[in-house]
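Worksheet: one structure, shown below.
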Amino acid sequence: EEEEEDEEEDVPEDTAEDTTQKTEETQKEGEAPTTQDNAEKPCEIVKELFSNVENLKQACPTKYGKNAPTSWKCISDTTTGGEPTGNDGAICIPPRRRKMYIGPLKTWANNSGNDTQVSGEAQTQGSSNTTVNVDDGLLKAFVESAAVETFFLWDRYKKENKPQNTSQLQLLTSTLENSGEQNPQTSLQKGHIPPDFLRQMFYTLADYKDILYSGSNDTTSVSKDTPSSSSNDNLKNIVLEASGNTEEGKKDMRKIQEKLKTFFSNSGDKPSTVTSGPSSVKPGSNSGNDPASWWKQHAESIWKGMVCALTYEESGAKGQSSNIQQNSGLKSALLDTNNKPKNTQYQYKTVELKDNDENGAKSTQSSASGTKLTDFVLRPTYFRYLEEWGETFCKERKKRLEKIKYECRNSEQEGKRHCSGDGHDCTENGNLKHKDISADLYCPDCYKQCRKYKKWIDIKFVEYHKQENKYEGERGKLTKDKSGG
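With the sequence shown counted from 1, adding 19 to any position gets you my numbering.
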């Protein structure tokens, strides 16, 4: 049984009651035809989803239940499974990914997994131009899963960044005034997604892409967009091991992978819906017969659904039966009249992740303008998780050391000015009791924080070296592919 580490500070865990697009883009003449999702469709899916609070209640055990993972899990990425050896290293999976919501995908696999990718009817716009209205159960499952995940991630993010007492509020207010930043909700109301949370959205979308690609029929290459040495069999294993904390979770993901494989096999046997006009999809065209082309067509819709989810919030007094409603102010700030992200900096093809956090891990290869989402999702899983590990390590370490300083070297509080890590006053005035192992603790809070930090940093030490041993091999795969070897 895996022991969950003391990874994060406790944050009040609420139940669902408490926390609780037809594209108008037209194709240019001569451009390769692709199936386009209606621009409003993702937000309509989210609207229908959140109209029933039970859909959020179903996610609570995954996100906040007693078995919800709270620690990083280091695994072998090979199909042999088992614990990673010291020589081979490991890929470490973040707790965020381990409890990522996939309920609608499980439902799709159980009920609709044998459907082919292409369905629906063509709808005519004008006399000559037509578009394909994709009635895609798989797309809906991804949009719903990502929307619920985003809703809960945002709820937790707000709680983690909320001042806990008056002194913290004063300190935060002063800090925010100096930095020009606002608290998360105020920032969102002004149409600004906090950079740290935007990063979480990047991580999340890339993880849903991994699930899709793990259902590929190609066992030698994930897709034409990824290195050929990135074995799809290994990706399948990573996705399996990342799916929850139980064998039942792995069983559910294995079924999703099998249905995805069937889905793409069937779609390749049947022609796509053909319509007349410039926007027609011809048989044999790149219409979603493999994960790469499906993702190219639908990733933007999943992203739109995630942004739409940010416009919903819990309504009703705490402790009473509540529901989820769209906040008109947030909708106006984040979405345009066609339910697309209003600000170009949050649109799928232009949104970027910038390394402007002085406390976070930096990417040595990032461009001055940042990393586009469309490029970020193509990064191998190992390197995405390594970056997330480094970024969260830096922030968590800083937070823990600040608590130690507050409890052990606090010049403003009597009894917390010169405390040793074992909880004693280590000055002459304290009679050097830190040398007496049987002496009562003079600084119990300091001792508590130091003990927690030692336990945490020991775990991080092991995780670091497991990933370090994996690094050269993964880096070698990338350089080999680039050199054509």
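A virtual CB, placed ideally from N, CA and C, is assigned to each residue, including glycine.
Open item on the list: Run through the DSSP bridge pairs and tell me what ASP444 is partnered with.
Closed with: As a first step, residue 444 is located in the sequence shown; it is residue number 425 there, counting from the start. In the DSSP assignment, ASP444 forms a beta bridge with CYS438.
Task: Assigned exposure category for SER90 - 16 Cβ within 10 Å defines buried - done: Position 71 of the sequence shown, counted from the start, is the residue given in the question as residue 90. That one is buried.
TODO: Could you pull the start and end residues of the beta strand (DSSP E) that ILE94 belongs to?
DONE: Position 75 of the sequence shown, counting from 1, holds the residue named residue 94. Start and end: 92-94.
Task: Residue range of the unbroken alpha helix (DSSP H) whose run includes CYS111 - done: Here residue 111 refers to the residue found at position 92 when the sequence shown is read from its first residue. That residue, CYS111, is in no alpha helix (DSSP H); its beta strand (DSSP E) goes 110-112.
Task: Where the beta strand (DSSP E) containing ASN5 begins and where it ends - done: Look at the range of the chain in this structure, 20 to 504, and you will see that residue 5 is not part of it.
Task: Helix, strand or coil at SER334 according to DSSP, with G and I counted as helix - done: Residue 334 sits at position 315 when you count from the first residue of the sequence shown. SER334 sits in a strand when the DSSP states are folded into three classes.
TODO: Spatial neighbours of LEU279 within its chain, please: CB distance less than 6 Å, with the 5 preceding and 5 following residues excluded, ordered by chain position.
DONE: Position 260 of the sequence shown holds residue 279. Excluding its 5 nearest sequence neighbours in each direction, LEU279 has C-beta neighbours in its own chain below 6 Å: GLY234, listed in chain order.
Open item on the list: Let's test the definition: count the other Cβ atoms within 10 Å of the Cβ of GLN95 and tell me whether it reaches 16, buried, or not, exposed.
Closed with: Along the sequence shown, one-based indexing puts residue 95 at 76. For clarity, residue 95 is Ser in the given sequence; the question names Gln instead. With 16 or more other Cβ atoms within 10 Å, it is buried.
Open item on the list: Spatial neighbours of LYS274 within its chain, please: C-beta separation below 6 Å, excluding the five flanking residues on both sides.
Closed with: Here residue 274 refers to the residue found at position 255 of the sequence shown. Shown here for LYS274: same chain residues with a beta carbon closer than 6 Å to its own, the five before and five after excluded, namely ALA128 in chain order.
Open item on the list: Let's test the definition: count the other Cβ atoms within 10 Å of the Cβ of GLY108 and tell me whether it reaches 16, buried, or not, exposed.
Closed with: Position 89 of the sequence shown, counted from the start, is the residue given in the question as residue 108. Result: buried.
Task: Whole-angstrom distance between ASN180 and LEU372, CA atom to CA atom - done: Taking the sequence shown and counting its residues from 1, one reaches residue 372 at position 353. Taking the sequence shown and counting its residues from 1, one reaches residue 180 at position 161. Rounded to whole angstroms, LEU372 and ASN180 show a C-alpha spacing of 20 Å.
- [ ] Would you kindly check if the distance between the Cβ of GLN219 and the Cβ of LEU158 is under 7 Å?
- [x] What you label residue 158 is simply residue 139 of the sequence shown in a count that begins at 1. What you label residue 219 is simply residue 200 of the sequence shown in a count that begins at 1. Not a contact, by the Cβ cut-off of 7 Å.
Open item on the list: Please report the distance separating the alpha-carbon of LYS323 from that of PHE170.
Closed with: Stepping through the sequence shown from its first residue, residue 323 is reached at position 304. Stepping through the sequence shown from its first residue, residue 170 is reached at position 151. Roughly 13 Å between the two C-alpha positions.
TODO: Within the same chain, show all residues whose beta-carbon is closer than 6 Å to that of GLU260, passing over the 5 residues directly before and after it, in chain order.
DONE: By 1-based counting over the sequence shown, the position of residue 260 is 241. Non-local C-beta neighbours of GLU260 in its own chain, meaning closer than 6 Å and more than five positions away in sequence, comprise ILE94, ordered along the chain.
Open item on the list: Rounded to the nearest angstrom, what separates ILE478 and GLU67 at their Cα positions?
Closed with: Residue mapping note: residue 478 aligns to position 459 of the sequence shown, counting from 1. Residue mapping note: residue 67 aligns to position 48 of the sequence shown, counting from 1. Going by C-alpha positions, ILE478 is about 43 Å away from GLU67.
TODO: Measure the Cβ-Cβ separation of TYR404 and GLU493 and say whether it is below 7 Å.
DONE: On the sequence shown, position 385 is the one that residue 404 refers to. On the sequence shown, position 474 is the one that residue 493 refers to. Not a contact, by the Cβ cut-off of 7 Å.
Open item on the list: On a Cα-Cα basis, can you pick out the residue from ASP394, ASP252 and ILE110 that is closest to LYS485?
Closed with: Indexing the sequence shown from 1 puts residue 485 at position 466. Checked all of ASP394, ASP252 and ILE110; the closest Cα to LYS485 is ILE110.
Task: Residue from ASP441, CYS413, ILE212 and LEU217 whose Cα sits closest to the Cα of TYR483 - done: Start at 1 with the first residue of the sequence shown, and residue 483 comes out as number 464. For the residues ASP441, CYS413, ILE212 and LEU217, the minimum Cα distance to TYR483 belongs to CYS413.
Open item on the list: Rounding to the nearest angstrom, what Cα-Cα distance links LEU254 and CYS438 in this structure?
Closed with: As a first step, residue 254 must be located in the sequence shown, where it is residue number 235. As a first step, residue 438 must be located in the sequence shown, where it is residue number 419. The straight-line gap from Cα to Cα measures roughly 48 Å.
TODO: With DSSP as the reference, please indicate the residues paired to GLN372 in a beta bridge.
DONE: To locate residue 372, count along the sequence shown from 1; it is residue 353. Before going on, a small fix: residue 372 reads as Leu here, not Gln. Note: LEU372 sits in a beta bridge opposite THR390.
- [ ] Tell me, please, which residues DSSP counts as bridged to LEU354.
- [x] Residue numbering aside, residue 354 sits at position 335 when the sequence shown is read from its first letter. Looking at the DSSP assignment, LEU354 forms a beta bridge with PRO360.
Open item on the list: Suppose you measure from the CA of ARG416 to the CA of TYR222; what does that come to, to the nearest Å?
Closed with: By one-based count along the sequence shown, residue 416 stands at place 397. By one-based count along the sequence shown, residue 222 stands at place 203. Whole-angstrom Cα-Cα distance: 21 Å.
- [ ] Have a look at MET119 and GLU431 and give me their C-alpha separation to the nearest angstrom.
- [x] The residue given as residue 119 occupies position 100 in the sequence shown. The residue given as residue 431 occupies position 412 in the sequence shown. Whole-angstrom Cα-Cα distance: 42 Å.
Open item on the list: Does the segment 72-91 come into contact with the segment 344-360, if we say contact requires no fewer than three beta-carbon pairs (one atom in each stretch) closer than 8 Å?
Closed with: At 8 Å Cβ cutoff, the stretches do not touch.
TODO: Pull up the DSSP beta-bridge partners for ILE343, would you.
DONE: Here the question's residue 343 lines up with position 324 in the sequence shown. Beta-bridge pairing links ILE343 to GLU333.
Open item on the list: Quick check on DSSP: helix, strand or coil for GLU431?
Closed with: Residue 431 sits at position 412 when you count from the first residue of the sequence shown. For GLU431, the secondary structure class from DSSP, reduced to helix, strand or coil, is coil.
Open item on the list: Give me the residue from LYS85, LYS359 and GLY122 with the minimum Cα distance to GLU63.
Closed with: The residue labelled residue 63 in the question sits at position 44 within the sequence shown. With distances taken between Cα atoms, GLU63 lies closest to LYS359.
- [ ] Decide if THR81 is buried, meaning its Cβ has at least 16 other Cβ atoms within 10 Å, or exposed.
- [x] Mapped onto the sequence shown, residue 81 falls at position 62. By the neighbour-count criterion, in which 16 or more other beta carbons inside 10 Å mark a residue as buried, THR81 falls on the buried side.
Task: Secondary structure of CYS413, DSSP reduced to three states - done: Here residue 413 refers to the residue found at position 394 when the sequence shown is read from its first residue. Residue state, collapsed to three classes: helix.
TODO: For my contact list, LEU224 and LEU420 are in at a C-beta cut-off of 8 Å; report their separation, rounded to the angstrom.
DONE: Residue numbering aside, residue 224 sits at position 205 when the sequence shown is read from its first letter. Residue numbering aside, residue 420 sits at position 401 when the sequence shown is read from its first letter. Contact check for LEU224 and LEU420: beta-carbon distance about 32 Å, past the 8 Å limit, so the pair fails to qualify.
- [ ] For LYS60, count neighbouring C-beta atoms within 10 Å of its own C-beta (all shown protein chains included) and say buried if the count is 16 or more, exposed if not.
- [x] Residue mapping note: residue 60 aligns to position 41 of the sequence shown, counting from 1. Buried, since its Cβ has 16 or more Cβ neighbours within 10 Å.
Open item on the list: I need the straight-line Cα distance from LYS467 to CYS445, nearest angstrom please.
Closed with: Position 448 of the sequence shown, counted from the first residue, corresponds to residue 467. Position 426 of the sequence shown, counted from the first residue, corresponds to residue 445. Approximately 16 Å between the Cα atoms of the pair.
Open item on the list: Using CA atoms only, rank isn't needed, just tell me which of TRP408, THR390, TYR331 and ILE476 is closest to VAL72.
Closed with: Indexing the sequence shown from 1 puts residue 72 at position 53. Nearest C-alpha to VAL72: TYR331.
- [ ] Hey, could you find the ends of the alpha helix (DSSP H) TYR83 is sitting in?
- [x] If you number the sequence shown from 1, residue 83 lands on position 64. Taken as a continuous stretch (DSSP letters only), the alpha helix (DSSP H) holding TYR83 covers 79-83.
Open item on the list: Please report the straight-line C-alpha distance between CYS462 and TYR176, rounded to a whole angstrom.
Closed with: Working through the sequence shown from its first residue, we reach residue 462 at position 443. Working through the sequence shown from its first residue, we reach residue 176 at position 157. Answer to the nearest angstrom: the Cα atoms are 31 Å apart.
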